[in-house]
Amino acid sequence: MGFLDTLLGRAKADLDRLSVLPEAAAVVQTTTGYAPTGVGAVCFATPEDADPGRLCRELQDMLDATPDAPTMTLTEDARGYTWLLAHHAPDDLPELVDNLRAMSAVLQDGGFADRLLCTLVAFRNPSARPLALVYLYKCGTFYPFAPLPNERRNNHLEFQVRAALAGVLPVESDLGRWFPLWSAPDL
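Per my numbering: the sequence shown ends with 187, consecutive numbering throughout.
Below you can see the structure in the form of structure tokens.
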């Protein structure tokens, strides 16, 4: 990709950044008690003329060729975004991350590079409260999202996670980009 592609937002996302998620998850679990659930998702904006079903079949065929392939589901949220969810055993985060990277690569190669929004990995604490680590494709950064009932956020937990992950992964410094993912499935 050239300078003009990057400037116009057509550059491919740096999917290698997702590889730090297992290390980050260990830090999150140690400092907060939140553990991975085994659920991860890739979110993208679907063009009106696209066939997300075809993409889902291609992704599933690719993943089925790997041992212990996850169950993958395709869903559209209330805001019109498409989510590809992968499910693994909670203790198999490296494999989940590999599948999220593969799903993202297939979407990029399928012409969706400029439509990839984020990837998330879900966590829960012993009280079943949710937390997600969210990767922003266009920024190459992560942020924590801790939803509470009635579309509120646990800002204290989000800042605690941000502090714990300093130096482990690139945390988004612009809080305005810490988008609430209220309609993210399985979160």
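The beta carbon of each residue, even a glycine, is placed where N, CA and C say it ideally should be.
{"Query": "Rounded C-alpha distance that separates LEU133 from PHE142", "Result": "7 angstroms"}
{"Query": "Beta strand (DSSP E) segment containing PHE123, residue limits", "Result": "116 to 124"}
{"Query": "C-alpha distance - VAL28 paired with LEU93, whole-angstrom precision", "Result": "13 angstroms"}
{"Query": "Where THR31 falls, given that 16 or more other Cβ within 10 Å makes a residue buried", "Result": "exposed"}
{"Query": "Residue environment, HIS156, which counts as buried when at least 16 other CB atoms sit within 10 Å", "Result": "exposed"}
{"Query": "Stretch-stretch touch, CB-based, cutoff 8 angstroms, three pairs: the segment 178 to 186 with the segment 70 to 80", "Result": "yes"}
{"Query": "Distance, ALA122 Cα to ARG54 Cα", "Result": "26 angstroms"}
{"Query": "CB of ARG129 within 8 angstroms of CB of THR37, strictly", "Result": "no"}
{"Query": "CA-to-CA distance, ALA41 to ARG101, given in whole angstroms", "Result": "10 angstroms"}
{"Query": "Best match in LEU84, ARG115, ALA164, VAL171 for proximity to ALA26 [C-alpha to C-alpha]", "Result": "ALA164"}
{"Query": "Residues near GLU172 in its chain [Cβ-Cβ closer than 7 angstroms; skip 5 each side]", "Result": "LEU136, CYS139, THR141, PHE142, TYR143, TRP178"}
{"Query": "Endpoints, the beta strand (DSSP E) within which THR37 is located", "Result": "35 to 44"}
{"Query": "PRO126, buried or exposed, once every other Cβ within 10 Å from all chains shown has been counted against 16", "Result": "exposed"}
{"Query": "LEU181, DSSP secondary structure in three states", "Result": "coil"}
{"Query": "CB of TYR34 within 8 angstroms of CB of LEU117, strictly", "Result": "no"}
{"Query": "Pick from ARG152, THR73, GLY111 that is closest to ASP49, judged by C-alpha positions", "Result": "GLY111"}
{"Query": "Span separating the alpha-carbon of GLU151 from that of ALA45", "Result": "22 angstroms"}
{"Query": "Residues that DSSP places opposite ALA86 in a beta bridge", "Result": "GLY40, MET72"}
{"Query": "Proximity of LEU18 and THR119 at Cβ, strictly below 8 angstroms", "Result": "yes"}
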